[in-house]
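Enquirer: Quick one: structure below, then a few questions.
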Amino acid sequence: MKRARLFIAALMLASLLPAPRTWAANEAQTKPLLEEALHLYSQRQYVRALDLFKQVQRIDPQNKTAEEYVKSCEQRILEWETQGGERLKG
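The sequence shown begins at 8 in this note's numbering and counts up by one.
Here you go:
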């Protein structure tokens with residue numbers, strides 16, 4: 008009986024994970040977007056980078072890299088706006 012419960016629990020947990028093809032498809036879509044977003048971020052083009060990071064999040068809501076960079080972009084944009092755009096112009 009205990010084994011049956013563990014088996015059922017394992018099946019339920021496995022059903023929550025994305026199928027491998029779904030993950031691979033998401034990665035194929037998000038990788039180029041992330042690369043471009045990171046490039047824009049390194050060039051201090053935070054608004055454009057933010058747009059791409061949010062696109063990644065729409066495709067893959069669990070993407071931690073996009074999540075962290077969205078926060079960072081929003082913070083840098085806020086800093087730029089509150090300082091009159093001078094400090095982060097580059």
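By construction, the Cβ of each residue, glycine as well, lies at the ideal position given by its N, Cα and C atoms. This one's a predicted model, so the numbers in the text were calculated from it and none came from an experiment.
Rounded C-beta distance between residue 64 and residue 74? I'm assuming under 8 Å.
Expert: Rounded, the Cβ-Cβ distance is 7 Å, consistent with contact.
Enquirer: Closest by CA to residue 85, which one among 72, 54, 59?
Expert: It is 54.
Enquirer: Name the two residues that bound the continuous alpha helix (DSSP H) containing residue 69.
Expert: Note, residue 69: premise wrong, no alpha helix (DSSP H); not H, not E.
Enquirer: From this set, 60, 37, 66, which residue's C-alpha is nearest residue 47's C-alpha?
Expert: Out of 60, 37, 66, 60 has the C-alpha closest to the C-alpha of residue 47.
Enquirer: For residue 50, name the three-state secondary structure that DSSP assigns.
Expert: Reduced to three states, the DSSP call for residue 50 is coil.
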